[in-house]
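In my numbering, the protein residues as written are 1 to 591. Each residue gets a CB set at the ideal place from its N, CA and C atoms; glycine is no exception. This structure is a prediction, so every number in the text was calculated from the model and none was measured.
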Amino acid sequence: MGDQLRVGEVLRSGRNTDPDEQVIEGYRNIHHVTASRDLAQIQLSKGINPMAQVKAAGGLRRPAILIRSSPWKAGSVETPWHDVFDLDNGHVRYFGDHRVDHEVAVGKTSGNTLLLNAVAEHQASSPEKRALAVPLLLFASVTRNKTPKGYVQFCGVGVIEHAEVIEQEAKGSPFLNYRYDIAVLDLSSEDDQVDWAWIEARGNPDLTATDVLEYAPRSWRRWVEHGHAVLPEERRRTPPSDGDAAAHPRIGSRSHSPEDDNESPGLLPAPRIPSGRTTLPPQSGLEGLTESELMSRLRNLRVHSKNGRASRHKPLALLWGISRVASGKPRLASWRQFQAETGGLLAEFGHPDSQVTPEYPFWHLRTSRLWDVHGIPPDEIVKPHAATFDRVNPEGGMTEQAGQLLADPFVRSQAVAILRESYLGDVDQRALMDRLGLAGYETASGRMEEVEDEVHDEEGNSGPASRRRTNVARIVRDARLVAKVKWLHGDECQVCGLQLPIRFTNYSEAAHIRGLGRPHNGPDELENLLVLCPNHHVQFDGLAIYIRRDGTVLSTRDESWVGELRRHPDHVISEAHLRYHRALCGRDDRS
């Protein structure tokens, strides 16, 4: 009896409603849409609603977890968190079910236990294991017919990218909870619909995981096959234009009475301001911040110039803010922490004759509309000084929406590249990235080894040079894949066609498009390899050349033509990996 769940549609979701009743009070009955001969009736009474597992071929398989976010309770003692549904950028930030009055450990509440198990499934290293992973079906409570209860809006299918323990506050007391960052998948191939037959198939113990995938959306199948590496390509993006609204309904749209239009709060509730703080007026233009707008603002910072040289203060402070997002730290930090950490950055990487004035970017970065400052008393907002910051110790950092976008590794790579190229091109890039905790962003390969410990041998001044013994952990590459891709291309460079002869054979190099090293963590697979000559390998790894969607190879420095990527029918190259490399070069051409 399964039907289609349409993204953006509002459904009636009262408890225990008759599945035979198709429409209730003008809205489709969710229990009719999800009715099944074999599966139990779904429940949306909690925020985290699991469907029962089945014993299927290959292992236990849960048909789905239904996530419901209720903006009505956000900020209350019962629900002190604010979930964020940024569907235009394919991102949901969802908070677990631990509360201040819970006596069990933060990961032992029923909802967090369930989602942490899902995290493990979503981080699985093989397609066979990911095929068993549970999909998240995302819903948001909305008001219809003058009531805030009993109506939900379907928001899509999600994969958990990241989970971390955070500290929250309720009743004046801090407590721990889990925060989950969820990628919302692109369903455009299915006209923004999910066939409930997929969920029914997942709950059928007689079907194998391979059988079940035939019912799944294309983006889910791609994720099962390739893992998180394809999420930048398979993530839901800005909805189509109004002309396509009939085929692809926008989030928030519905075919019902217009008098309900202003009843429901948006899916992007404003963040709660910590008690005892005064915040500055919200920056204009932040609603619906997109990747392209973020990159444009980074390229067009208002920076002070002296002797024809642009100040490095703001770019360095923004890189510091991005590094906090990359490491999972809170986006806002106290002035004293900012002063200590960025002061050192400015002294080391600022212009030699420039003053170390961290108070300048801390305050004036607000003009970028990517930076927040909280905690300045209203009577001191007009002309804040370092002395004011020292006295009241305000907080500053990336805005919430900028932080959400930068949580995506692809977006973060592009942002780092733009700041480095636009303002910091003559700085020692490796030293800068090391100093910021962003090691690896300066090359396509990333950092391929980790030094575990060092032992120094002391030698006399007149004797041999001193030695240093280290234990190093290196990434192991699959030599069979390297041999195969070189054989397919006959050791000819895919950019210039050079076949470099050596004494007994020919020489070429296999380059990973998305590097295996930190922070890229790309997969060692055929789709992530290119065959290059030594020169073009060095340039590709050093981000001096990049490959456009049409296969044209261009110079990053001046956009001049370098070559055309030669392809082979038995060597499929992942566009997601090529796009990630373009992002590292600051040259995404997806828009």
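For residue i, count the other beta carbons within 10 Å of its own beta carbon; 16 or more makes it buried, fewer makes it exposed. Which is it?
i              : result
lysine 46      : exposed
arginine 297   : buried
tryptophan 363 : buried
serine 327     : exposed
threonine 399  : buried
glycine 397    : buried
leucine 60     : exposed
tryptophan 561 : exposed
aspartate 390  : exposed
histidine 98   : buried
glutamine 404  : buried
lysine 314     : buried
proline 239    : For proline 239, the pLDDT reaches just 47, beneath the cut-off of 50, and the residue's location in the model is therefore unreliable, although a value from the coordinates is still provided. The residue in question, proline 239, is buried, as its Cβ has 16 or more Cβ neighbours within 10 Å.
alanine 183    : buried
proline 358    : buried
glutamate 225  : exposed
glutamate 21   : exposed
isoleucine 502 : exposed
aspartate 620  : Outside the shown range of the chain (1 to 591) lies residue 620, about which nothing can therefore be said.
glutamate 452  : For glutamate 452, the pLDDT reaches just 47, beneath the cut-off of 50, and the residue's location in the model is therefore unreliable, although a value from the coordinates is still provided. Looking at its Cβ environment, which holds fewer than 16 other Cβ atoms inside 10 Å, glutamate 452 is exposed.
Mapping the DSSP letters down to three states, classify residue i as helix, strand or coil.
i              : result
arginine 297   : helix
glutamine 193  : strand
histidine 512  : strand
asparagine 29  : strand
threonine 367  : helix
valine 593     : Because the chain here runs from 1 to 591, residue 593 falls outside it and cannot be looked at.
histidine 385  : coil
histidine 304  : coil
asparagine 506 : strand
serine 219     : helix
arginine 202   : helix
proline 361    : helix
threonine 279  : Here threonine 279 scores only 41 on pLDDT, less than 50, and its place in the model should not be relied on; the value that follows carries that caveat. Threonine 279 falls in the strand class under three-state DSSP.
valine 165     : strand
alanine 183    : strand
aspartate 260  : For aspartate 260, the pLDDT reaches just 39, beneath the cut-off of 50, and the residue's location in the model is therefore unreliable, although a value from the coordinates is still provided. Of the three classes helix, strand and coil, the one that applies to aspartate 260 here is helix, per DSSP.
glutamine 401  : helix
glutamate 395  : strand
glycine 156    : strand
serine 334     : strand
threonine 147  : strand
alanine 415    : helix
histidine 581  : helix
aspartate 18   : coil
serine 422     : helix
asparagine 177 : strand
Check each candidate in the options and name the one with the smallest Cα separation from residue i.
i              : options                           : result
leucine 410    : His581, Ser189, Asn112 and Ala40  : In the sequence under discussion, the amino acid at residue 410 is phenylalanine, which differs from the leucine named in the question. Checking every option, the nearest Cα to that of phenylalanine 410 belongs to His581.
aspartate 428  : Thr443, Phe349 and Gly440         : Phe349
leucine 185    : Trp223, Glu9 and His313           : Trp223
leucine 594    : Val134, Arg12 and Asp101          : Residue 594 is absent from the model: the chain starts at 1 and stops at 591.
alanine 510    : Asp541, Ser413, Lys129 and Asp206 : Asp541
histidine 91   : Glu214, Gly14 and Arg235          : Arg235
glutamate 291  : Gly522, Lys306, Gln401 and Leu319 : Gln401
aspartate 195  : Gln22, Val482, Pro217 and Asp558  : Pro217
arginine 130   : Ala479, Arg202, Cys493 and Gly321 : Arg202
serine 219     : Leu231, Ala209 and Val212         : Leu231
aspartate 372  : His228, Leu318, Ala387 and Gln168 : Leu318
alanine 386    : Arg366, Ser555, Pro361 and Glu167 : Pro361
leucine 488    : Asp101, Tyr423, Gly14 and Ser508  : Ser508
leucine 436    : Asn506, Asp524, Gly343 and Leu481 : Gly343
leucine 500    : Ala439, His520 and Pro534         : Pro534
aspartate 211  : Glu161, Gly497 and Glu128         : Glu128
aspartate 88   : Leu332, Gly8 and Ala431           : Gly8
isoleucine 418 : Leu543, Gly26 and Pro352          : Leu543
tyrosine 27    : Ala35, Ser13, Ala40 and Ser36     : Ser13
arginine 179   : Leu187, Gly321, Thr208 and Glu167 : Glu167
At a threshold of 7 Å, does residue i count as lining the ligand ZN (C-beta to nearest heavy atom)?
i             : result
aspartate 558 : With respect to the ligand ZN, the structure offers nothing, as it holds no ligand at all.
How close, in whole Å, do the beta carbons of residue i and residue j come, if the pair is a contact with beta carbons under 8 Å?
i                : j             : result
valine 485       : leucine 532   : At roughly 11 Å, the Cβ-Cβ gap does not stay under 8 Å, so valine 485 and leucine 532 are not in contact.
leucine 137      : valine 157    : 6 Å
phenylalanine 95 : cysteine 155  : Not quite, the Cβ-Cβ distance comes to about 16 Å (not below 8 Å), so this is no contact.
glutamine 193    : leucine 5     : 7 Å
isoleucine 199   : alanine 64    : 5 Å
serine 368       : serine 311    : Their Cβ separation, rounded to whole angstroms, is 13 Å, which puts serine 368 and serine 311 out of contact at 8 Å.
alanine 140      : glutamine 153 : 5 Å
glycine 517      : glycine 440   : 6 Å
glutamine 494    : leucine 424   : No, glutamine 494 and leucine 424 are not in contact; Cβ-Cβ is about 31 Å, not under 8 Å.
Residue ranges of each alpha helix (DSSP H) run of no fewer than 4 residues wholly in the segment 43-118, ordered along the chain? The qualifying runs do not exist here; there are none.
Of all the beta strand (DSSP E) runs that stay within the bounds of the segment 536-576, which reach a length of 3 or more residues? For the beta strand (DSSP E) assignment, the uninterrupted runs of no fewer than 3 residues enclosed by the segment 536-576 are, from N- to C-terminal side, 545-547, 552-555 and 561-564.
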